[in-house]
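Numbering (my numbering), first residue to last: 11 to 145. Yeah, the Cβ is synthetic: ideal placement off N, Cα and C, and Gly gets one too. All values reported here derive from a predicted model rather than from experimental measurement. Accompanying notes for the structure given below.
If you want it as structure tokens, here you go:
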């Protein structure tokens, strides 16, 4: 893809599905859900949102309850679909350094999942660049 009027340079990745561009979601998961729930999903037949959440934030009853509440609120406001991945940047970097130890690490791409260590280095870097959401 060539350069874009929003400042994206030639060759930089664009967002996938309904997800924000890498680095654009700076206000957290709740803000992202509020923004997307305003879209007219009744006019489209699809609208998946890919979200990567750091695993430590959903540990324990409180973390899981907070995530469940955020998801219920999003769907009640009109949100259509959320595809969650629970992986940290640290884990992805470790997989790059020691791929033999991470043969089963799956990551969400768009409408499918892939083994992270089987991806090209540029594709791995794009996955890492996606914003890691905090609940």
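Asked	Found
Grab the span of the alpha helix (DSSP H) containing residue 74 for me, first residue to last.	70-86
If you draw a straight line from the alpha carbon of residue 64 to that of residue 80, how long is it in whole angstroms?	15 Å
What are the boundary residues of the alpha helix (DSSP H) that residue 105 is part of?	99-107
Could you compute how far the alpha carbon of residue 3 sits from the alpha carbon of residue 91?	A query on residue 3 cannot be resolved here, the shown segment of the chain reaching from 11 to 145 and no further.
Compare the C-alpha of residue 128 against each of 105, 87, 140 and 98 and name the closest.	105
With a CB to CB cut of under 8 Å and the five nearest residues on each side skipped, what residues in its chain are close to residue 12?	20
Are residue 115 and residue 99 close, meaning C-beta to C-beta below 8 Å?	no
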